[in-house]
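Report on the structure given below.
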Amino acid sequence: MDPHAGRKPHHSADPPAGHPAPEASAAFEALERAEAAIRAFLPRVGGEPTVGVVLGSGLGAWADALEGRVAIPYAEIPEMPTPKVVGHSGNLVLGHVGSVRVACLQGRVHAYEGHPFDKVVFGSRLLARIGCRTVLLTNAAGGIRRGMRPGDLMIVTDHLNLMGRNPLAGPNEDRLGPRFPDMCEPYCQHLVDRTLAIARREDITAHKGVFVAVAGPNLETRAEYRFLRMIGADVVGMSTVPETIVAVHCGMKVVGLSVVTDMCLPDSLKPANVADIIAIANAAEPKLRTLVRGIVAEATQVRIA
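Written out as structure tokens, the structure reads:
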């Protein structure tokens, strides 16, 4: 089932529907090849997934607990880029959370690895193509707001894109989404509220706040952390925002979850240790697992227009 069946074409300066620019057509054909490869596995999990999950650094273990788990290495999916960063195993995992069919990206690729943005967001677009109406995007992030602690979770309510690029730049493919998608509510506020309620019910410390995405791969200077705090950021990372933009473009509801792995307070800044960051993300995984299971159940109750 195409999640965008019946979408009214958006008129723009791009070629009309049915005659996309060659670059856009090539991108769409790549998605179709990847979708065809995945569909061979869908009968084993009962059909199309309705919820997608993208797991960030050190958070991949959640997918291993899916019921009826079927794992497909990215290398076996046409056009799917393979992550080369520690903490990203690189599997598409299909399975169940209760009665809800789920597709989980166990790891993502990043622009700082040298991937073009169409590859960075390929997995998110693929989730929409195989039927997902809601997507949960998780990440490991540095805490900027005072009062947070390593291991806390933050529910993303909005974002700032400081990556210098936008994944929708270039010819628009009308079969994926409109030329000018609205971003007044990139993260579904109903699901934000429900996620916070689940966290309180499970006695999990969860903040709400703004995620800022930067290009990386270096971590920020003291002056940059001060600037990010000044413009309204609560946590900082190097992912998620491009995936959110294409998810909105594809018509999916988005929930964003950050695991605060280190504190980025400019007046008491210490050198970051990547091994420690991954360890903190791993230690927070049980809390994330509880929260994501609750969100998956809630997400199926949200009407998709």
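Its first residue numbered 464, the sequence shown is counted upward by one per residue in this note's numbering.
We put the CB at the ideal spot given by N, CA and C, even for glycine.
Predicted model only: the values in this text are computed from it and were never measured.
| message | Using the Cβ count rule (16 or more neighbours within 10 Å means buried), how would you classify residue 643? | response | Residue numbering aside, residue 643 sits at position 180 when the sequence shown is read from its first letter. When all chains shown are included, residue 643 counts as exposed.
| Own chain residues within Cβ distance below 6 Å of residue 752, not counting five before or after | Within the sequence shown, residue 752 is the residue found at index 289, counting from 1. Contacts found: 525.
| residue 744 versus 606, 588, 594, 651, residue with shortest Cα-Cα distance | One-based indexing of the sequence shown puts residue 744 at position 281. Nearest option by C-alpha distance: 606.
| field | Entirely enclosed beta strand (DSSP E) segments - the segment 498 to 536, minimum 3 residues | value | 514 to 518, 530 to 536
| message | Comparing C-alpha positions only, which one of 645, 666, 638, 673 sits nearest to residue 655? | response | Locating residue 655 in the sequence shown gives position 192, where the first residue counts as 1. Cα-wise, what sits closest to residue 655 is 673.
| request: Going by DSSP, name the residue or residues bridged to residue 552. | output: As a first step, residue 552 must be located in the sequence shown, where it is residue number 89. In DSSP, residue 552 forms no bridge with anything.
| Buried versus exposed, by CB contacts within 10 Å (16 or more), residue 652 | Numbered from 1 along the sequence shown, position 189 holds the residue referred to as residue 652. It is exposed - the Cβ of residue 652 has fewer than 16 other Cβ atoms within 10 Å.
| CA-CA distance, residue 483 and residue 641? | In the sequence shown, counting from the first residue as 1, residue 483 sits at position 20. In the sequence shown, counting from the first residue as 1, residue 641 sits at position 178. Confidence at residue 483 is low in this model, with a pLDDT of 47, below 50, so its placement is unreliable and the value that follows should be read with caution. Taking the straight line from one Cα to the other gives about 13 Å.
| query | What separation, rounded to the nearest whole angstrom, lies between the Cα atoms of residue 756 and residue 560? | reply | Counting from one through the sequence shown, the residue named residue 756 turns up at place 293. Counting from one through the sequence shown, the residue named residue 560 turns up at place 97. Roughly 7 Å between the two C-alpha positions.
| For residue 539, which residues of its own chain have a beta-carbon under 8 Å away from its beta-carbon, when the five flanking residues on both sides are left out? | Position 76 of the sequence shown, counted from the first residue, corresponds to residue 539. Around residue 539: 500.
| said: Using the Cβ count rule (16 or more neighbours within 10 Å means buried), how would you classify residue 665? | reply: Within the sequence shown, residue 665 is the residue found at index 202, counting from 1. Exposed is the call here.
| Can you tell which of 759, 590, 705, 698 has the C-alpha that lies nearest to the C-alpha of residue 628? | Walking along the sequence shown from the start, residue 628 turns up at place 165. Among 759, 590, 705, 698, the Cα nearest to that of residue 628 is on 705.
| message | Assuming residue 685 and residue 732 are in contact, meaning their beta carbons sit under 8 Å apart, how far apart are those beta carbons, in whole angstroms? | response | The count along the sequence shown starts at 1 and reaches residue 685 at position 222. The count along the sequence shown starts at 1 and reaches residue 732 at position 269. Confirmed, about 6 Å.
| request: Kindly give me the distance between the Cβ atoms of residue 722 and residue 699, rounded to whole angstroms, as I take these residues to be in contact under 8 Å. | output: By 1-based counting over the sequence shown, the position of residue 722 is 259. By 1-based counting over the sequence shown, the position of residue 699 is 236. Between residue 699 and residue 722 the Cβ distance is about 13 Å, and since that is not below 8 Å, they are no contact.
| message | Tell me which residues share the same chain as residue 541 and place their Cβ nearer than 6 Å to its Cβ, disregarding the 5 neighbours each side in the sequence. | response | Taking the first residue of the sequence shown as position 1, residue 541 is located at position 78. Closer than 6 Å at the Cβ level, and outside the excluded window around residue 541, lie 496, 497, 500.
| With DSSP run on the structure shown, which of helix, strand or coil describes residue 468? | Position 5 of the sequence shown holds residue 468. Since pLDDT at residue 468 reaches only 41, below the 50 mark, its modelled position is unreliable, and the value read off the structure follows with that caveat. In this structure, residue 468 counts as coil in the three-state DSSP scheme.
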